[in-house]
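Participant: Before we start, here is the structure in question, set down as structure tokens.
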Amino acid sequence: MMDRTPDTTVTHHGGRAAVRRAATRATHRTRFLVAALLTLVVAAGSLLVGNAVASAATYPQVCDQFGSKLVGGKYVAQNNRWGTSRNQCITPFDTGFSLDVAEGTNNGGPSSYPSLYRGCVYGYCTPGSTNVLPAPVKSLGTVRSNFATTGPDKSQPVNQYNTAYDIWFDPSATQSGRNTGAEMMIWLNRTSWVQPIGKPYYDVNIGGQVYTVWYGKIDLPVISYVKKVPTTSVSNLPIDSFVKDATARGVIKSTWYMTSVQAGFEPWTGGKGLKVTNFSVTRNGL
């Protein structure tokens, strides 16, 4: 759906501590055995330290309406609660986030779009996005993405949501506000009556998978590719192929720029327990 995220405050985090190990050779058999035992102990300790470091990579819960957190060095996790006044909280970690509080109840559209992104959104560009995003559509090259999800908590009485990419385009590479070009969504799955903006028009085969293409417009044209066979994860998704299709159909202009690639959930009602376990996007391998 529409990007209604204003400027966000992003917290930067430093690198991780490394654990170095050394081993000493011994010629005497007894010393050799002792050294071997010590090596096992050190290895076990290293595993414990590694687990502690992994645990430390979970960041504080984000509950502000448009709160966000830099994760994994080059992505931003955003709460993006634009469609409801009810509480919502996410817990970010280096490869994704979990939706821990989701009190929205909306039958007419999404309550929010908790998600991750790479690129530029409202003037903030994620670290390491130089030469990646924004990118000119006419020389986009290869854009690939991995995206894996789980959830939601089925103990809730109602969960209505969709899992989707949200990809934005603008005539300018330095747009500091809301994009003015077009919005492209790729829906991986959805529940019962949840549907994109507009109406369905045709089916297309992209990357060996069939998608139903929806088209609609609010203030911007919105093209949505809804996967015919739902899934909770994709690997090496050819985003550039979707862009080529939308460009060929006149929705996206070749003179525009792809400004950001976002992926997450649109919970309409409920959604607690939804989780992104992995997200990555690259352009020409970067």
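With the working numbering applied, the sequence shown covers 2 to 287. From the three backbone atoms N, C-alpha and C, an ideal C-beta is built for every residue, glycine too.
(1) Cα separation between T59 and Y202?
(2) At what residue ranges does the stretch 203-255 contain a whole run of the beta strand (DSSP E), taking only runs of 3 or more?
(3) Name the two residues that bound the continuous beta strand (DSSP E) containing V77.
(4) Since V1 sits in a beta bridge, which residues does DSSP pair it with?
(5) Can you give me the start and stop residues for the beta strand (DSSP E) that R284 sits inside?
(6) Which same chain residues, not among the five before or five after K155, have their C-beta less than 6 Å away from its C-beta?
(7) How many whole angstroms separate the CB atoms of V223 and L117, which I take to be in contact at a CB cut-off of 8 Å?
(8) Below 8 Å between beta carbons: does that hold for V195 and Q161?
(9) Any chance the stretch 125-136 sits against the stretch 183-197, with 3 or more Cβ pairs inside 8 Å?
(10) Quick check for students: name the residue ranges of the alpha helix (DSSP H) that lie wholly in the stretch 139-185, counting only runs of 4 or more.
(11) Between the alpha carbons of D204 and D246, how many angstroms are there, rounded?
(12) Use the C-beta contact count for G129: other C-beta atoms within 10 angstroms, 16 or more gives buried, fewer gives exposed.
(13) In this structure, how does DSSP classify L134 when only helix, strand and coil are distinguished?
(14) How would you call I219, buried or exposed, if buried means at least 16 neighbouring beta carbons within 10 angstroms?
(15) Taking all protein chains shown into account, decide if N81 is buried (16 or more other Cβ within 10 angstroms of its Cβ) or exposed.
(16) Give me the Cα-Cα distance between V1 and T192, rounded to the nearest whole angstrom.
(17) Report back the beta-carbon spacing between F266 and T181 to the nearest angstrom; my notes put them in contact at under 8 Å.
(18) Using DSSP with H/G/I as helix, E/B as strand and the rest coil, what is G120?
(19) When the Cα of V214 is compared with those of C90, S225, G208 and C121, which residue comes out closest?
(20) Would you call the stretch 144-154 and the stretch 169-181 touching, i.e. three or more CB-CB distances under 8 Å?
(21) Mind checking L34: buried by the 16 CB within 10 Å criterion, or exposed?
(22) Could you check the C-alpha separation between Q66 and Q79 for me, to the nearest Å?
(23) How many Å lie between F1 and I91 at the Cα?
(24) Do Y212 and K200 have their C-beta atoms closer together than 8 Å?
(25) Check whether the stretch 247-260 touches the stretch 103-110, taking contact to mean three or more Cβ pairs, one atom from each stretch, closer than 8 Å.
(26) Nearest to P61 by CA position, among R87, G73, P93 and Y76, is which residue?
(27) Among residues of its own chain, excluding the 5 on either side of V102, which ones have a beta-carbon nearer than 6 Å to its beta-carbon?
(28) With DSSP collapsed to three states, give me the class of A264.
(29) Assign V159 to buried or exposed, taking buried as 16 or more other Cβ atoms, counted over all protein chains shown, within 10 Å of its Cβ.
Facilitator: Let me lay it out:
(1) 42 Å
(2) 210-218, 222-228 and 234-239
(3) Y76 to Q79
(4) The question about residue 1 has no answer here: the residues shown for the chain are numbered 2 through 287.
(5) K276 to R284
(6) none
(7) About 20 Å; that fails the 8 Å criterion.
(8) yes
(9) Verdict: no, contact absent.
(10) Counting only runs of 4+ residues, no alpha helix (DSSP H) is found wholly inside the stretch 139-185.
(11) 12 Å
(12) exposed
(13) coil
(14) exposed
(15) buried
(16) What is shown of the chain runs 2 to 287, which leaves residue 1 out entirely.
(17) Their Cβ separation, rounded to whole angstroms, is 25 Å, which puts F266 and T181 out of contact at 8 Å.
(18) Three-state result, G120: strand.
(19) Ranking the options by Cα distance to V214, first place goes to S225.
(20) no
(21) With a pLDDT of only 30 at L34, under the threshold of 50, the placement of this residue in the model should not be trusted; the figure read from the coordinates follows. So L34 counts as exposed.
(22) 9 Å
(23) Outside the shown range of the chain, which is 2 to 287, sits residue 1, and nothing can be said about it.
(24) No.
(25) no
(26) Of the candidates R87, G73, P93 and Y76, the one whose C-alpha sits nearest the C-alpha of P61 is P93.
(27) Within its own chain, the residues whose Cβ lies closer than 6 Å to the Cβ of V102, once the five positions on either side in sequence are excluded, are N88, Q89 and C90, listed in chain order.
(28) strand
(29) V159 comes out exposed.
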